[in-house]
Structure formats: C-alpha cells, structure tokens
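>
Protein chains: 4
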Amino acid sequence: MPLDYQAILDEINDALRPELGQEGKVADYIPALARVPADRFGIALRTCDGFEAASGDSNEAFSIQSISKLFSLTLALQRVGDQVWDRIGREPSGNPFNSLVQLEREEGVPRNPFINAGAIAVADRLVSATKSHAKTDIVELISSLCGDKVMIDQEVAQSEAANGYRNVAVANFMKSFDKFDNNVAQVLDVYFNQCAIQMSCVQLARAAGFLCRDGGHPYRGKSVVSERQARRLNALMLTCGTYDSAGEFAFLVGLPCKSGVGGGIVAVVPETLSLCVWSPAIDESGNSHLGRKALEMFVARTRLSIF
Amino acid sequence: MPLDYQAILDEINDALRPELGQEGKVADYIPALARVPADRFGIALRTCDGFEAASGDSNEAFSIQSISKLFSLTLALQRVGDQVWDRIGREPSGNPFNSLVQLEREEGVPRNPFINAGAIAVADRLVSATKSHAKTDIVELISSLCGDKVMIDQEVAQSEAANGYRNVAVANFMKSFDKFDNNVAQVLDVYFNQCAIQMSCVQLARAAGFLCRDGGHPYRGKSVVSERQARRLNALMLTCGTYDSAGEFAFLVGLPCKSGVGGGIVAVVPETLSLCVWSPAIDESGNSHLGRKALEMFVARTRLSIF
Amino acid sequence: MPLDYQAILDEINDALRPELGQEGKVADYIPALARVPADRFGIALRTCDGFEAASGDSNEAFSIQSISKLFSLTLALQRVGDQVWDRIGREPSGNPFNSLVQLEREEGVPRNPFINAGAIAVADRLVSATKSHAKTDIVELISSLCGDKVMIDQEVAQSEAANGYRNVAVANFMKSFDKFDNNVAQVLDVYFNQCAIQMSCVQLARAAGFLCRDGGHPYRGKSVVSERQARRLNALMLTCGTYDSAGEFAFLVGLPCKSGVGGGIVAVVPETLSLCVWSPAIDESGNSHLGRKALEMFVARTRLSIF
Amino acid sequence: MPLDYQAILDEINDALRPELGQEGKVADYIPALARVPADRFGIALRTCDGFEAASGDSNEAFSIQSISKLFSLTLALQRVGDQVWDRIGREPSGNPFNSLVQLEREEGVPRNPFINAGAIAVADRLVSATKSHAKTDIVELISSLCGDKVMIDQEVAQSEAANGYRNVAVANFMKSFDKFDNNVAQVLDVYFNQCAIQMSCVQLARAAGFLCRDGGHPYRGKSVVSERQARRLNALMLTCGTYDSAGEFAFLVGLPCKSGVGGGIVAVVPETLSLCVWSPAIDESGNSHLGRKALEMFVARTRLSIF
C-alpha cells in the first residue's frame, strides 16, 4: 500500500505545532534573522514521480543560509567538475563548523564543502569560473530547479557582510596558504548573498529534487549533475550536512540532510523523494530543533531511512 | 534481471589480483601481523535470502582487528541497550583514530564506539555487564552469527598487549576523567583479544548478515538486535567505520563499512546483502587499499550504493 | 643600608595572615592533601652568606609536590648531564600542566621538565641511571641540601598512585612513542614518592640555596651542579616553574620560582638568597594564592626582581 | 676590573664573521627582505652610564620587524596604562608565533603582546588612543629614544600589506570575538608600517636604553615608563620575546630579548646596559642564527646573565 504522504505530513505538523517555541532559539547574530518569529513550522516533499505534499507554514519564505552550500557546490560541479576537490576535502570536520583550528592543521584546505571555509573555497572557484556572474548564476540555478524566481534578501546579505569578520578571517587565512585565487571581498560578496536567498519549504523540496532522481532535473529532461555526482552529493550531505551533528543525524534520522541556521533542513530519500522542513528555533549544534524531530518522525512513520 | 553476484565477484578478483603488492603496506606494528603475505585478495557476500558468492582467498582466515568493534558494540547493545551511549558519542572524529586530543577536549568521552577509545569504553561496559565472561561472550556471539567456531590468535593478542602503550594511555586517561568503571588491565585484555580474532571473508560476510536483515539472525529465527538498532549500527559504520576516511568511503563507495588494519572491510547493503573483502596492504588511513577499490567496483557494477 | 630581612618577612606575615582562608582552595584530589588546614602561612629565606630569617608557620612540614621536580632534575643533571635534554624540551608549555595535546603534537617529547610529563621523563632517566635507587637518591640529595633528613609521607604517595591515572596515561603515551626506557610502574613509583616528600619553608629555603650560589652546596665546599647548570635551572624556573602562570609570575614577581599544589613556592634571587613561602590555598593555576602575594610584596619591598 | 666592552664586541665579531652565510636563511616572504645580503653582522651596546661600543655592520640600517612590538607596547603603556592588558595576556604562547589555534581557544584574547595577534591588538589600542596619529607617534617615540630620526621603508610596508593575509585573518578573527575596536585596515596599516621601520644596531641599542635604566629616558631627564613598567617589559621580553624559543633563550642566554625576522635582536641587562645584535640569516624559530650565538658568547664572556 503506497504511503499517504499528505496524511503523514499533516500528522507531523499536528504533533509538533504544540511544541513551537518551547526549545531551541532563533539565530540572533544578525537582526534580520533575530526578527523571525519562533512559532513557525512547515514541511513539504516532492516524490520522483512529481507528487507533492505539504503542511504547516510550507509556503513561507525563510533565509536558506547554509542550505545554499548545496546549490553552490552543485553549480561548481557543473562548471569545473572534479577540480572542485583540488582544494577541498570530503571528511566530516569533527569540530564546530566555523573552527579555524582544523584549517590551520590542514594548511588551508577545508575539510569539506559544507563548513563555512569549504563553502567560501567553493565560492572562490565559482568566481574564477564565472567572473562577475557567480551570484546571478547561483540564483538562476536555484530558480530553475524550483521553477520559481528566488530572491536575495538584501538586508540579510548586508548584515552578514557587516558581521562576517570570522568569514573574512577564514578567507584571508586560506589566502595566506596560497589556496585562494580571487579577491577576498569579491568572493565573500558571493558567499554572503547566497546565504541570504529566501525560499519556502515547497520551493526547497522541489529544488532538491535532482538529488533523488540520479541528477535529473526536477522539471526538464536534462541532467543537473551526473548520476555519480548526485550520489556523491547525497553522501556528503549525510556525512557533513548538519554541522557537528552529522553522526547524530545519521544515527537518528538516517537520511542525507543539509541544514541552515535559518531553521531549514533539506533531506533526500534517494530514488524516492526530496523533502524540506523548517522551524526557526535551532539547537546548540545549529540545526532546527523541531526540524530534526520532524525528520525522525517522518522516517519512523515511513521507514524510509537509507540504512 | 537479478545480479549475477558470483560473476561480479570473480570479475573484481580478476581485475584486482594483478595489482596485489603494488600499493599500500601490510600493518607491521606487531610481528604476527607483519608476517602476513601482501599478495592476498578475497571477497565474499551473503544475501538476505541466504545466497552466497565468494572469490579469491575468501576462506583464508585473517586478523579482524577493528572489525571486532562492530561485534563488541552489538554485544553491548544486547546487554545494556542504550546505556552504552552514556559515555560514548556518535560523531565522526575528524582526527586520526588514536588521537588523545579530542578525548581531552571532550573530557574522557570518546567521539564514537569505532575509534580505539570508544571501543575500549565499550569493553569497559562489557566487563561490567558480563564480569569475567566478556571475552568468551564476544567469541560466542561471533561464532553464532557466522555459524562456525571462531578462534583468537594468542600470539596476536599477546603482541597487541605488549605494544599497546597507547591503548593503556587511552584507558587510564578515561579513568582519570572518572569515565571508566573497571580495572584497566582487565578491560584491555578483552580489547586486545577481540582484535586478535581470526576470520575469513566468508565468515565475516555471514556474521554481518543481521545488519542487512533488520537485525534478524542470519541463521535462526530470533533477532540479534532490534530493527532500529541494526539501522543505527549501519549509520555508525557509514559515518565512523573507516577511521578518518569515512567521508571518502561514503563519497566513493556509499555503503556502511567497518574496516580493520588486518586488511578486512565488512560492508552492508541494507535489505539486500552483507559483504566482506580482504587484502592485507593498507593505505595511510588504515584501510585496505584493494579492499576499497573492490568496493568501488562492486558498487559501480551493481549500483547498490545507498545514496 | 642592608635589608632587614627578618623585619620584612614579619611584615609580610602580618599583612597576609588576616587574608588566610579568604581566597583560593586547598588541593583536594587526594584526601591526605584535602585535610591540610587552609589557615597556614609560612615564609623563610637564607642568604648566600648563610643568614636566615623566617616568619609564620615556617617550620611546619607540607607536601612539596611539584617542587620536587626541581630536585629530581638536579639529580638527573648530576648523573647524566646534558643527556637529560635528549627527550625533554625547555619551552614553556602554554597549556594546562597536565595536557596530553602538546605531548601528542610533539611526539612524546615533553615541553619541559617541570610539567608532569617532563618530570616523569626525568624519573625515567633516573631509574636508568640509578637502577632501584632513584627514590632513595632523591631523598638523600634533598636531605644533604637542607641539612635535615627529609621523609616521604607514605599515605600521600599511595594516594597519588591510587589516583594517578592521568600520569599513568602520560607515561604510557610517551612509551608508545618509544621515548621511555623503563617499566612504567617502576618510574611512576619514583614520581609519586618524590611528590610526597614533606618539608618546611625553612628546609626548602636551605635546600634551594645552591641556586643562588652558582651551584655551590649550601653547607659544604663542593658543587651541587656547575655554575652554568645553576643559572639554567633558574632560567627554567622562571619560564616554566609555575604551571601556566609563568608569564604572570615573571611579570608580577620577577624571580625564578617553582611551585607545588601543596601550596609551597620556592624562589631564587641569584647571587643573593633563596626563599620559600607556603600557604595551602591555591588558585586556579595551581599556585599558592597567598604565596604569590607574599612574593610580590617581597619584591616590591626589597626591589630584588631580576629585571 | 671593569669589562672592556669594545674588546668583547670585537672578539665576538671576529669569531662569528667567518660563519656568515653558513647557517640559517634570510627571511624571504617579501622581496624587500629577501634581497638583504646574508653576510652582515653587527653588534652595539650602550651602558646605563652612556658608554657605547660597537663592532661589525653596526651602523647599517635593517628592518626591525617584530622588535617594533616592544616600542608600540611602550607607547600603549604611556597612553592607556594597564588598560592595555584588558584584552591581551602575558603568558608565553607555546605555539608558533602566528597560530590562530590558541586565539580561538582563548576567544580572541592573544596570549601576549609579542605574538602577531597581540601586537595587532596593541595597535588597535593605539588607534583608539591616538586616532590617526598612531603611526607617527610610534616613529616619534623611537626617534626620541635613539636620538635620530628613524624612517619607515615604504616598499617593505607595502609588501607586508600585500602579503599580510594571515594578519588580516587574525585581526578579523579578534573582531569576530568583539575584542577589536577599530577598522581592521586602519589598524593593520599601523602594524605593517611599524614592522617596516629601519634602524641600525647602534640606534636600537640606544633606543632600548630605558629598559636598563628603570624606565628613564636614555638622553633626557624624564621617564619613558615607570620603573615597574620597565621591569615588566623586561619580564615579558624574557618569557615571550623570541617567538617559540623563549625558553631556549632564557636557558642559553639568560637575558630579556626581543627579536625580529629581519635578523635583529635587542637584549637588556637590567641596571647595566642595552644591546643590539643583527645578522639577517634566521633559524627555524625566526630568530637570528648568529645573533643568538653572539648573545651566548657575550653572556659567557661577561657573566651578565640575570640568573
């Protein structure tokens, strides 16, 4: 008997909504994020066959933050292929996501593309490959993937830039190891803008669709990335997608996920569906508190863990 | 059309055998391991339905080393359930497998049960739970799982003990944080002996069968662990099972794996099959060089990656 | 006009006695140390000319703890000379005194002989040089230097051994790097016993006399160490003698010092005098709270800083 | 019998000149430094009484680099007094001088004012205290101290800025911890310029004169800093003045020293004299190879070690 996804998402929404605002804390390092109301919860999915289901605040746009790292890496794979791995590792970091310690020990090579240092290194590659178009190209890729025109929240982008001293430090640190090609300010402009893209759960569930379709575009005949690349993106999400809680997510959820401090989490069930859950209050590890609970419930109910 | 596993394993054996002895290096920190000939390659699998295939030196016994951590953790889950997680984390370590740095920063709580510190903490739990029977109980669990009586190589066990200063350091370090219940020597005796168990690829492929059967015993009606525990063991293998190369294995192979410095690697395709490959020459990360290549070929050929 | 040392010590005693028990905390990691009353303060000095002055509880014996590292190093210099530096550095550690992190990064070579790892490495050298006599030889050296027969508090020694897991870890860790010659238990027996020696301020001021006399014995014609060695011992005390507060002590006191968690601090004014202050309550860095204040007062009053 | 300083300096010059160019390596991270000929050696001293002696290339100007940290700290003590210590520690770093690891662990508080991070923090204080005059004020202080008008080598300053990514990283990192008041570029402009000041051994020996005169100006009646501050500057030099070799310098030389990668080392004999030695080839720790040897010879010959 096929799963009734709409019923399952409604059930999760009903179960978790009473818990809104009880645990976790909305990210407050910049005002534009701190203003987001904590009492939001949305969830949406899209199957490989194009069936969609959604519940709660699933059409409300939020700041995708680190989820953008998934798409900037996808764009880099399209443009430079495996060269992207010349200066970026593929191992979980085992340290808080913004640590410089490891970057120092490994001489300017970030452990993976989903920690800040790694995503900034990806942005450096994109600037080399696209010149001044990197920012536009990321927005266009995402817009194409979700079938809507997505926008950058300029206030968020500017606040990120105004408070991004640690990211400036990280980029200059990589440059000191000669592992960085472009002007730091230009690269960080790309990075701060990609983090400030606004999307809803429905849009993100659609945009991640290529990851459950062996790289095939969610809406068009062509491929976004190769099958092999799609599988590897999923592997990276599983081992590195949720800050220093990747082991815990694998253990408790068992799906490739990429989260952001805006409270969104994108998850993939290979060959089956892509999903996005959003609730702004995050836990100490930077992942949405109810988002994680929702994914645990989803997997318990559907038995769709990859393990 | 069903996969012809026997043909696939033979094909891998034929393709890799010419490469024997070319790359990697047999572990040589103790004489009994250093004596193992580098020119061995074996591979074996067993499906959930009980079909078996094997190729190469698949019946030759080797030192399972860290693969034993999978079985000691399984035994601990049987005996104390989730209490095992009171003093052991579930995150990839992001550091070489024998590092004390992280153990210090995290005040005596090992990052996961598959690094040495974590496996020693598991052994401490087993000693508490089984008194003087821990060693026998591990051997009996494995023997039951593979349907053969497995043996401990006493020379290896004694050599491990004679050279195990770092493990003695690790155990005493945990004890200094009050995170260790039993006598250090007694616990390490369990640990050094479990590492010295000898098994063949065929035996290990069988013994890991419960991991692809939702925890069900490979040969008998009863459960080894619950379905949830089996899935979580697979998740741990994927994120932490191959030393500091877990990200790389997930990226290139895409299966839960547990490796040992004896050159063995156990892999699981959930709901489908369990597999073991062995070739003694290991790479810098401690994983079998040809074992990894074999797994990459197997997944490329069968498309059985979980991603 | 010559300084009236007796008046100065009395003045310090009078000024600080009202503060007894107000700040800091008696070391309590073993019962025999935890029992020491907090309300003790003693100070004593001996000039190069043999003049002595003392005030407060200056004849009460206390556990010299890490101050013993000064004498075990002196003995090692007598027995093996500069060979002692083959496996021990001479740099401040910049880390809490019992850290294994640095020992790992520097592959089993302790940063200096005054951190635990370094003192254990010194004890290893002494065991090699003196066979089973190391413990006796340290006691005899100190007894000769202070002109009294000093004793080991067996209860303290046994408690140190019973709680010394971290030191066991450190010794085994060095052994894993092949930087340790003898049986760990035998070496630690020396180390735990030397820490348990009981001495008074008067005795310690006398015993350190060779350090302000270019290495000359405080009571006899012969040399304890060469002039060069004496100066270098003073240099080591200044840069490494007070755990992770060596910079602070140099800055605020400006004299070579060696402290112990028993609350004692030995200080040296080269060419002038040796001094010992004791008060059991220690601060977070492991140094006697009032001991430090007393030294600051002494230097402010006498202007005997070396800087 | 008074020491014949001129003869001693000539003797050192004669002894070491044949070794020029044999060991160590001229700093080459910027072209203007790499061009400096390796075959230079100069030494100069000035006693508290105003007697001067010099030998070798003692009037040739070189890039003072990190020696400038001594003077910028002196200026900061003049302007803000002990407030300078609010955000800067006084402990040896125990790590290579440009490490970010420790800065991270200690949340943006540099360990001491003589590592790069600490000197940049001092420059931040100076910018707050002097507005746009910090650069000029440092030059004027030094000019006043040595009685000559000193100059900034603009090519060096610009090269430092063009290659100073790690310093940009360090400054932004401190700013990310909210431990930095001013614009990063403005502060680094001060820092890069102070490092590019050109001085000779004779000028530096004079300029450091206040450190051996209890803070009194080398040429005028007034004080540069208080006696207490002068003693504390000497203590800092001894524990932190020679990168990660402070322990070694204390052990082998036994004088407060501040070195720079340009090959200069300033040393102080409190109450007696100030000295500068210069030879451009530096060892792995960043200190002048022959400069260190010269200081060892000077102390062996004069017995002026402070220990």
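One line per chain: the protein sequences are A, B, C and D, in this order. Residues 3 to 309 in this note's numbering are what the first sequence spells out, letter by letter. Residues 3 to 309 in this note's numbering are what the second sequence spells out, letter by letter. Residues 3 to 309 in this note's numbering are what the third sequence spells out, letter by letter. Residues 3 to 309 in this note's numbering are what the fourth sequence spells out, letter by letter. Think of the CB as a built atom: it goes at the ideal place given N, C-alpha and C, for glycine as much as any other residue. No experiment lies behind these values; they were computed from the predicted model shown.
(1) One question on the structure: do residue 34(A) and residue 161(A) come within less than 8 Å of each other, judged by their Cβ atoms?
(2) Per the contact definition of three or more C-beta pairs closer than 8 Å, is the segment 217–224 of chain D in contact with the segment 177–190 of chain D?
(3) Quick test of the definition: if touching needs 3 or more C-beta pairs under 8 Å, does the segment 269–279 of chain D touch the segment 293–302 of chain C?
(4) Along the chain, where does the alpha helix (DSSP H) containing residue 127(C) start, and where does it finish?
(5) Hey, is residue 80(A) close to the ligand NAD, as in C-beta under 7 Å from one of its heavy atoms?
(6) Taking Cβ to Cβ, would you say residue 46(D) is nearer than 8 Å to residue 8(D)?
(7) Looking only at C-alpha atoms, which of 131(C), 83(C), 263(C) sits nearest to residue 184(C)?
(8) For chain A, find out if any of its Cβ atoms is closer than 8 Å to the Cβ of residue 256(B); answer yes or no.
(9) I want to see whether chain D comes within less than 8 Å of residue 84(C), judged by CB atoms only; does it?
(10) If you pair each beta-carbon of the segment 143–150 of chain C with each one of the segment 209–216 of chain C, do three or more pairs fall below 8 Å?
(11) Going by beta carbon distance, what residues of the same chain come within less than 7 Å of residue 31(C), once the five residues before and after it are set aside?
(12) Measure how close the beta-carbons of residue 213(A) and residue 255(A) come, nearest whole angstrom, since I'm counting them as under 8 Å.
(13) Consider the Cβ of residue 177(A): report whether some Cβ of chain D lies at a distance smaller than 8 Å.
(14) Given this structure, state the Cα-to-Cα distance separating residue 291(A) from residue 11(A), to the nearest angstrom.
(15) Taking only beta carbons into account, state which residues of the segment 232–245 of chain C come closer than 9 Å to chain B, listed in chain order.
(16) Which bits of chain B does residue 95(A) rub up against, with CB to CB less than 9 Å?
(17) For the structure I just gave you, are there three or more beta carbon pairs, one from the segment 115–122 of chain B and one from the segment 238–250 of chain B, closer than 8 Å?
(18) Rounded to whole angstroms, what is the Cα-Cα separation between residue 253(D) and residue 123(A)?
(19) Going by C-alpha distance, which of 190(C), 261(C), 74(C), 187(C) is nearest residue 141(C)?
(20) How would you call residue 156(D), buried or exposed, if buried means at least 16 neighbouring beta carbons within 10 angstroms?
(21) Whose Cβ in chain C lies nearer than 9 Å to the Cβ of residue 168(B)?
(22) For the candidate residues 57(B), 58(B), 65(B), whose alpha-carbon lies nearest to that of residue 200(B)?
(23) Establish whether the CB of residue 134(D) and some CB of chain C are separated by less than 8 Å.
(24) Can you give the Cα-Cα distance for residue 4(C) and residue 304(C), rounded to whole angstroms?
(25) Determine, using beta carbons only, whether residue 102(B) and residue 102(C) come nearer to each other than 8 Å.
(26) Return the CA-CA distance between residue 40(D) and residue 309(C), expressed in angstroms with no decimal places.
(27) Measure from the alpha carbon of residue 23(D) to the alpha carbon of each residue in 268(D), 174(D), 282(D), 168(D), then state which is nearest.
(28) Label residue 36(C) either buried or exposed according to how many other C-beta atoms from any shown protein chain fall within 10 Å of its C-beta, with 16 as the threshold for buried.
(29) So, is the C-beta of residue 61(B) closer than 8 Å to a C-beta in chain A?
(30) Give me the residue from 89(C), 263(C), 248(C), 138(C) with the minimum Cα distance to residue 234(D).
(31) Tell me, which residues are paired with residue 275(A) by DSSP?
(32) So, does the CB of residue 309(B) fall closer than 8 Å to a CB anywhere in chain A?
(33) Please report the distance separating the alpha-carbon of residue 163(B) from that of residue 198(B).
(34) Please classify residue 229(B): does DSSP put it in a helix, a strand, or coil?
(35) Candidates 113(A), 129(A), 49(A), 50(A): which alpha carbon is nearest residue 92(A)'s?
Quick answer:
(1) In this structure, residue 161(A) lies closer than 8 Å to residue 34(A) by Cβ.
(2) The segment 177–190 of chain D is not in contact with the segment 217–224 of chain D.
(3) Too few Cβ pairs lie closer than 8 Å, so no.
(4) Element bounds for residue 127(C): 118–132.
(5) The model on display carries no ligand, and the ligand NAD is accordingly not part of it.
(6) By the CB criterion at 8 Å, residue 46(D) and residue 8(D) fall outside the cutoff.
(7) Here the closest residue by C-alpha is 131(C).
(8) Yes, because at least one Cβ of chain A sits closer than 8 Å to the Cβ of residue 256(B).
(9) It does not; no Cβ of chain D falls within 8 Å.
(10) Yes, the segment 143–150 of chain C is in contact with the segment 209–216 of chain C.
(11) Closer than 7 Å at Cβ, skipping near neighbours: 165.
(12) Not confirmed; about 15 Å, so no contact.
(13) Yes, because at least one Cβ of chain D sits closer than 8 Å to the Cβ of residue 177(A).
(14) Roughly 17 Å separates the two Cα atoms.
(15) Answer set for the segment 232–245 of chain C: empty.
(16) Residue 95(A) reaches chain B at 94, 96, counting residues in chain order whose Cβ is nearer than 9 Å.
(17) Touching, yes.
(18) Residue 253(D) and residue 123(A): Cα-Cα distance of roughly 44 Å.
(19) From the listed residues 190(C), 261(C), 74(C), 187(C), the smallest Cα separation to residue 141(C) is found for 74(C).
(20) Under the 10 Å beta carbon count, residue 156(D) is surrounded by fewer than 16 other beta carbons and is classified as exposed.
(21) Taking a Cβ-Cβ threshold of 9 Å, the residues of chain C close to residue 168(B) are 174, 175, 177, 178, 179, in chain order.
(22) Ranking 57(B), 58(B), 65(B) by Cα distance to residue 200(B) puts 65(B) first.
(23) Chain C contact via Cβ: absent.
(24) Taking the straight line from one Cα to the other gives about 10 Å.
(25) Remark: C-beta atoms of residue 102(B) and residue 102(C) approach each other more closely than 8 Å.
(26) Cα to Cα, residue 40(D) sits roughly 33 Å from residue 309(C).
(27) The shortest Cα separation from residue 23(D) among 268(D), 174(D), 282(D), 168(D) belongs to 282(D).
(28) Classification of residue 36(C): exposed, given that the 10 Å Cβ count is below 16.
(29) No, no contact with chain A.
(30) The shortest C-alpha separation from residue 234(D) is found at 248(C).
(31) Beta bridge pairing from DSSP links residue 275(A) with 49(A), 271(A).
(32) Closer than 8 Å: yes.
(33) Distance between the alpha carbons of residue 163(B) and residue 198(B): 10 Å.
(34) Residue 229(B): helix per DSSP, three-state reduction.
(35) Out of 113(A), 129(A), 49(A), 50(A), 113(A) has the C-alpha closest to the C-alpha of residue 92(A).
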